[in-house]
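In the numbering used here, the protein residues as written are 10 to 330.
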Ligand code: SF4
Ligand code: SF4
């Protein structure tokens, strides 16, 4: 019997999601046994034309990681949508915009000026920036256009399922692959993990006092956190109350607070705003100057509260840039 055809593709991605496939360890042999790859740029030499040659819906499933920030990524996402029965947004960047989505605090022009001109190690006296087309004596060279705004995968194409995480943990990846192969999937649009907030399964929840109240905010890099105590109760920002669980508390177990890579639970629209409103309610100072001091102690509020989710938030980019 012919094996189901599968594509694995990366868009604006760090490569960590590709690594998570290697993290399947011996289980990868079961996957390789059960499916046949048709696109997997990090590991195999297929061409885009191999996908174009397939009939529509010829791929059983495409796992697409990374955010969408270039014209090439958009084109490939659209092609894979057309050629796939199922599309899975794989990892936080495809699901929510992820770390590349923090580029939405600026725009292409400012990013180019920083990367190609203003960094101390760059010498670019003529102010030459990447062009989408350049004539050379060897012919025309082209680069894909970079967009001003980074998008999630589902802002670009229709997505069937979401595998959350940065990167998705191997047990969830394996469960998702088995569910797809066995046709045992939940409703379209589901995030393939728990729908409970991380705090509900976190061991440290037991140490939380009945009424949380903090008088200052500490940076995790400036303290040695007590491995038994709830970070938030200690004044260390932990996004566990606003984040979907199911990650296996990998960060918490390494004594690092949650940064929200699994995204919000179903009923939360904007996880940064949700966390911020919860945080405001536990700040236990009355004096306005003290409140201001606490607010100022959060050095990079967007980078902290929207570390993985800015493109998917209600105000998905800085306005006016
Ligand atoms: S989700 Fe994490 S591991 Fe995957 S591409 Fe984005 S930053 Fe990299
Ligand atoms: S806030 Fe963080 S440390 Fe505290 S219970 Fe929730 S996930 Fe655990």
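We treat Cβ as the ideally placed atom computed from N, Cα and C, and that holds for glycine.
Mind checking whether the beta-carbon of residue i lies closer than 7 Å to any heavy atom of ligand 1?
i: residue 107; result: yes
i: residue 74; result: yes
i: residue 100; result: yes
i: residue 176; result: yes
i: residue 257; result: no
i: residue 211; result: no
List the whole-angstrom C-beta distance separating residue i from residue j, where the pair is believed to meet the contact cut-off of C-beta under 8 Å.
i: residue 17; j: residue 63; result: Not a contact, Cβ separation roughly 15 Å.
i: residue 114; j: residue 93; result: 33 Å between Cβ atoms; not a contact.
i: residue 227; j: residue 245; result: 5 Å
i: residue 250; j: residue 287; result: 5 Å
i: residue 153; j: residue 81; result: 4 Å
i: residue 291; j: residue 222; result: 6 Å
By DSSP, does residue i sit in helix, in strand, or in coil?
i: residue 84; result: helix
i: residue 114; result: helix
i: residue 11; result: coil
i: residue 70; result: strand
i: residue 155; result: strand
i: residue 95; result: strand
i: residue 132; result: coil
i: residue 48; result: strand
i: residue 17; result: strand
i: residue 259; result: helix
i: residue 323; result: coil
i: residue 253; result: strand
i: residue 137; result: coil
i: residue 79; result: strand
i: residue 226; result: coil
According to DSSP, which residues form a beta bridge with residue i?
i: residue 144; result: 149
i: residue 56; result: Residue 56 pairs with nothing; no bridge assigned.
i: residue 172; result: 99
i: residue 231; result: Bridge partners of residue 231: none, in fact.
Any heavy atom of ligand 2 inside 7 Å of the beta-carbon of residue i?
i: residue 217; result: yes
i: residue 208; result: yes
i: residue 214; result: yes
i: residue 267; result: yes
Decide if the stretch 153–164 is in contact with the stretch 84–99; the criterion is three or more beta carbon pairs, one per stretch, under 8 Å apart. In the pairwise beta carbon analysis, the stretch 153–164 is classified as touching the stretch 84–99: at least three pairs are separated by under 8 Å.
Below 8 Å, can you find three or more Cβ-Cβ pairs linking the stretch 258–266 to the stretch 204–218? Output reads yes: the stretch 204–218 touches the stretch 258–266.
Quick test of the definition: if touching needs 3 or more C-beta pairs under 8 Å, does the stretch 33–44 touch the stretch 111–125? By the Cβ test, the stretch 33–44 is not in contact with the stretch 111–125, since fewer than three Cβ pairs between them sit closer than 8 Å.
Between the stretch 264–282 and the stretch 228–244, do three or more beta carbon pairs fall short of 8 Å? Contact check between the stretch 264–282 and the stretch 228–244: three or more CB pairs, one atom from each, fall below 8 Å, which counts as touching.
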